[in-house]
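Enquirer: The structure under discussion is supplied below as structure tokens; questions concerning it will follow.
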Amino acid sequence: MDHFLYRDGALYAEDVPLAEIAAAVGTPFYCYSTATLTRHFKAFDEALAGMDHMICYAMKAASNQAILRLMASLGAGMDVVSGGEYARAKAAGVPGDRIVFSGVGKTRDEMRMALSGGVRQFNLESEPEMEVLNAVALEMGVVAPVTVRVNPDVDAKTHAKIATGKSENKFGIPITRAREVYARIAEMPGLKAVGIDVHIGSQLTDLEPYRQAFTKVAELTEALRADGHDIIRLDLGGGLGIPYERNNTAPPLPKEYGAMVQEILGHTGCEIEIEPGRLIAGNAGVMVSEVIYVKQGEGRDFLIIDGAMNDLIRPAMYDAHHDIVPVVEPAPGAEQQPYDIVGPVCESGDTFAKQRMMVPLAAGDLVAFRSAGAYGAVMSSEYNTRPLIPEVLVHGDQFAVIRKRPSFEEIINRDTLPEWM
Ligand code: LLP
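Here it is as structure tokens:
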């Protein structure tokens, strides 16, 4: 459930009509609901209540300072994958010992930044990275807490671009090599292994791949303990999917996920870390856009809207489905017609939906893309010199712009001319 519902014929975000926000900030814009973000965080927190746990929000999903502060105030730690994300987490007041550093290509600078600012652990993804972190830690005279991200070679049964747990993917160290790798870590004075990390992919709609991966992690925990390593933490990554097609899909709920984690890993006594992103932010955000033109093509009608692929790239990049609904509630049983819903960018790929059934719409009407809170604003660009669209946060009957739309001047002034020009 989210807090974007029709009320008196209009789509609201909590207690604010989306049309009111559109009038104040212009379209297109992203709008997030505090109540939904909070609800999703708590769903995970309650699902893991029986175990010592920490929810490290995967801020790559939506990393606005206001969202991070909200998450931190609820008790979240953060999962970061770059120096920039680390800086954002710190700027939002998250203490270093609640920040997990993931990512397949951490640089020396990023390692130094996290070691000096504080870090809960680095999730190591390769042996060369392990050697570099050891060297950096020794130079700084500190010991870096680490886990090894193991690649369990399971099929996450999700879109190929976001599956990460098969041996052909670039992520992690093959689980079959894990014991050797932990033995090497034990000999490196700059590293201290504290646990195991695994993340098999994103938008998982079935618990079975998790079950397979976590069973392998449980076995590895025992084997590593028998080898003399002090495994106290298991980072299980993120990836639990959300229902993008409201009436069609019902992925497992956090409480079912939590029960499965308890069943498979509860006996280890380890602290459980999870890194959910999409499930927290996805259905807590919408993108609102205005119809610019309705164009009659040959055999099809195009709804040309002011949002485009640079604002929300998921349909172009992953053929992703987003429910698109009119901001004025259609009359019950109103006739629908098929539209191709497209943006103004000069590429055929700038298509959000083909032959989508909608009630008839006209220029000036507003539509909302549901489930756009995760991997929406963060993946946007200024392609076609279209300014990054504003982000708005709603809280009850209040709303605030949490990232403003830059002016053309601000965009142009970021460029500098070489002195010979
Ligand atoms: N932890 C790690 C190590 C990850 O790589 C990811 C996502 C997460 C946690 C969070 O996964 P989530 O709970 O959000 O599924 N841009 C794509 C999704 C890319 C996911 C990348 N890694 C999309 O729009 O579908």
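Going left to right, the sequence shown walks through residues 1 to 421 as the UniProt record's numbering numbers them. All residues carry an ideal CB built from backbone N, CA and C; glycine is no exception. All values reported here derive from a predicted model rather than from experimental measurement.
#1: Could you tell me if Ala13 is buried or exposed, where buried requires 16 or more neighbouring beta carbons within 10 angstroms of its beta carbon?
#2: Is Lys192 helix, strand or coil by DSSP?
#3: Would you mind giving the Cβ-Cβ distance between Arg98 and Arg69, rounded to the nearest angstrom? I have them listed as a contact below 8 Å.
#4: Does any residue of chain D have a CB that is nearer than 8 Å to the CB of Trp420?
#5: Could you tell me if the beta carbon of Asp79 falls within a distance shorter than 7 Å of some heavy atom in the ligand LLP?
#6: Do you know offhand how far His53's Cα is from Gly26's?
#7: Kindly indicate which three-state DSSP category Asp79 falls into: helix, strand or coil?
#8: Please report the distance separating the alpha-carbon of Ala218 from that of Val342.
#9: Hey, would you say Val150 sits closer than 8 Å to Val198, going by beta carbons?
#10: Are the beta-carbon atoms of Val146 and Phe171 separated by less than 8 Å?
#11: At what residues does the beta strand (DSSP E) containing His395 begin and finish?
#12: Grouping DSSP H, G and I as helix and E and B as strand, with all else coil, what is Ala49?
#13: Spatial neighbours of Ala178 within its chain, please: CB distance less than 7 Å, with the 5 preceding and 5 following residues excluded, ordered by chain position.
#14: Verify the contact flag: Gly307, CB atom, against every heavy atom of the ligand LLP, threshold strictly below 7 Å.
#15: Is Leu37 close to the ligand LLP? I mean its beta-carbon at under 7 Å from any heavy atom of the ligand.
#16: Could you compute how far the alpha carbon of residue 463 sits from the alpha carbon of Ala144?
#17: Just the Cα atoms here: how many angstroms apart are Gly297 and Gly165?
#18: Going straight from the alpha carbon of Ala23 to that of Cys31, what length do you get?
#19: Ignoring anything shorter than 3 residues or poking outside the stretch 173-238, list the beta strand (DSSP E) runs there in chain order.
#20: Three-state secondary structure (DSSP) at Ala259?
#21: Given this structure, state the Cα-to-Cα distance separating Gly105 from Gly299, to the nearest angstrom.
#22: Between the C-alpha atoms of Ala43 and His229, what's the straight-line distance to the nearest angstrom?
#23: Looking at the strands, I want to know which residues DSSP matches up with Leu240.
#24: Alpha carbon to alpha carbon, how far is Glu335 from His40? Give it in angstroms, no decimals.
#25: Is Ser102 near the ligand LLP, going by C-beta to nearest heavy atom under 7 Å?
#26: With distance defined between alpha-carbon atoms, name the residue in Met421, Val132 and Ala259 nearest to Arg112.
#27: Taking the alpha-carbon positions, what's the Pro28 to Glu290 distance?
#28: At the level of alpha carbons, what is the spacing between Glu20 and Leu5?
#29: Quick one: grab the DSSP three-state call for Ser116.
#30: Check whether the Cβ atoms of Tyr57 and Ile280 lie closer than 8 Å to each other.
#31: Just to confirm my understanding: we take Ser102, look at its own chain, exclude 5 residues before and 5 after, and list those with CB closer than 6 Å. What are they?
#32: Specify the secondary structure class of Val150 as computed by DSSP and reduced to three states.
#33: Keeping to the same chain, check which residues put their C-beta closer than 7 Å to that of Thr249; ignore five residues upstream and five downstream.
#34: Indicate the three-state DSSP secondary structure (helix, strand or coil) for Glu421 in the structure shown.
#35: Closest by CA to Asn283, which one among Pro152, Ala368 and Ser380?
#36: Might you give, ordered along the chain, the residues of its own chain that have their beta carbon closer than 8 Å to the beta carbon of residue 436, omitting 5 neighbours on each side?
Expert: By the coordinates alone:
#1: Position 13 of the sequence shown, counted from the first residue, corresponds to residue 13. Its Cβ being crowded by 16 or more others within 10 Å, Ala13 is buried.
#2: Translated into positions along the sequence shown, residue 192 becomes position 192. It is a strand residue.
#3: Residue mapping note: residue 98 aligns to position 98 of the sequence shown, counting from 1. Residue mapping note: residue 69 aligns to position 69 of the sequence shown, counting from 1. Arg69 and Arg98 do not touch by the CB rule: their CB atoms are close to 13 Å apart, not below 8 Å.
#4: Protein chains in the displayed structure number just one, and chain D is not present.
#5: Reading the sequence shown from its first residue, position 79 is the one you call residue 79. Yes; taking the cut-off as 7 Å, the Cβ of Asp79 has a heavy atom of the ligand LLP nearer than that.
#6: Against the sequence shown, residue 53 aligns to sequence position 53. Against the sequence shown, residue 26 aligns to sequence position 26. The alpha-carbon atoms of His53 and Gly26 are separated by roughly 41 Å.
#7: Reading the sequence shown from its first residue, position 79 is the one you call residue 79. Here Asp79 sits in strand by DSSP.
#8: As a working note, residue 218 is residue 218 in the sequence shown. As a working note, residue 342 is residue 342 in the sequence shown. So the alpha carbons of these two residues sit roughly 47 Å apart.
#9: For the purposes of this step, residue 150 is identified with residue 150 of the sequence shown, where counting begins at 1. For the purposes of this step, residue 198 is identified with residue 198 of the sequence shown, where counting begins at 1. For Val150 and Val198, yes; Cβs fall inside 8 Å.
#10: Position 146 of the sequence shown, counted from the start, is the residue given in the question as residue 146. Position 171 of the sequence shown, counted from the start, is the residue given in the question as residue 171. Cβ distance not < 8 Å, so Val146 and Phe171 don't count as in contact.
#11: Reading the sequence shown from its first residue, position 395 is the one you call residue 395. Element bounds for His395: Glu391 to His395.
#12: Taking the first residue of the sequence shown as position 1, residue 49 is located at position 49. Three-state result, Ala49: coil.
#13: Numbered from 1 along the sequence shown, position 178 holds the residue referred to as residue 178. Once the five neighbours on either side are set aside, the close Cβ partners of Ala178 are Val148, Val150 and Leu220.
#14: Taking the first residue of the sequence shown as 1, we reach residue 307 at position 307. Because no heavy atom of the ligand LLP lies under 7 Å away, the Cβ of Gly307 does not count as near it: no.
#15: Here residue 37 corresponds to residue number 37 of the sequence shown, with the count starting at 1. Because no heavy atom of the ligand LLP lies under 7 Å away, the Cβ of Leu37 does not count as near it: no.
#16: Any question about residue 463 goes unanswered here, given that the chain covers just 1 to 421.
#17: For the purposes of this step, residue 297 is taken as residue 297 along the sequence shown, with counting starting at 1. For the purposes of this step, residue 165 is taken as residue 165 along the sequence shown, with counting starting at 1. Each residue's Cα considered, the two are about 44 Å apart.
#18: Position 23 of the sequence shown, counting from 1, holds the residue named residue 23. Position 31 of the sequence shown, counting from 1, holds the residue named residue 31. Approximately 13 Å between the Cα atoms of the pair.
#19: 191-197 and 233-235
#20: What you label residue 259 is simply residue 259 of the sequence shown in a count that begins at 1. Reduced to three states, the DSSP call for Ala259 is helix.
#21: Locating residue 105 in the sequence shown gives position 105, where the first residue counts as 1. Locating residue 299 in the sequence shown gives position 299, where the first residue counts as 1. Looking at the two C-alpha atoms, the distance is approximately 48 Å.
#22: Numbered from its first residue, the sequence shown carries residue 43 at position 43. Numbered from its first residue, the sequence shown carries residue 229 at position 229. When rounded, the distance between both Cα atoms is 33 Å.
#23: Working through the sequence shown from its first residue, we reach residue 240 at position 240. DSSP, once it has assigned bridges, lists Leu204 as partnering Leu240.
#24: Residue numbering aside, residue 40 sits at position 40 when the sequence shown is read from its first letter. Residue numbering aside, residue 335 sits at position 335 when the sequence shown is read from its first letter. Each residue's alpha carbon lies about 35 Å from the other.
#25: Position 102 of the sequence shown, counted from the first residue, corresponds to residue 102. For the ligand LLP, at least one heavy atom lies less than 7 Å from the Cβ of Ser102.
#26: Taking the sequence shown and counting its residues from 1, one reaches residue 112 at position 112. Per the Cα distances, Val132.
#27: Taking the first residue of the sequence shown as 1, we reach residue 28 at position 28. Taking the first residue of the sequence shown as 1, we reach residue 290 at position 290. Going from the Cα of Pro28 to the Cα of Glu290 covers about 7 Å.
#28: Here residue 20 refers to the residue found at position 20 when the sequence shown is read from its first residue. Here residue 5 refers to the residue found at position 5 when the sequence shown is read from its first residue. Near 15 Å, if we compare the C-alpha coordinates of Leu5 and Glu20.
#29: Along the sequence shown, read from residue 1 onward, the residue named residue 116 stands at position 116. DSSP places Ser116 in helix when its eight states are reduced to three.
#30: For the purposes of this step, residue 57 is identified with residue 57 of the sequence shown, where counting begins at 1. For the purposes of this step, residue 280 is identified with residue 280 of the sequence shown, where counting begins at 1. Result yes, Cβ atoms of Tyr57 and Ile280 sit closer than 8 Å.
#31: Along the sequence shown, read from residue 1 onward, the residue named residue 102 stands at position 102. Excluding its 5 nearest sequence neighbours in each direction, Ser102 has C-beta neighbours in its own chain below 6 Å: Asp79, Val81 and Asn123, listed in chain order.
#32: Residue 150 sits at position 150 when you count from the first residue of the sequence shown. Residue state, collapsed to three classes: strand.
#33: Sequence index remark: in the sequence shown, residue 249 carries index 249 (1-based). Cβ within range, chain order: Thr205 and Pro243.
#34: As a working note, residue 421 is residue 421 in the sequence shown. The question names Glu, but residue 421 in the sequence shown is Met. Collapsing the DSSP output to three states places Met421 in coil.
#35: By 1-based counting over the sequence shown, the position of residue 283 is 283. Checked all of Pro152, Ala368 and Ser380; the closest Cα to Asn283 is Ala368.
#36: Outside the modelled stretch of the chain, which goes from 1 to 421, sits residue 436, for which no answer is possible.
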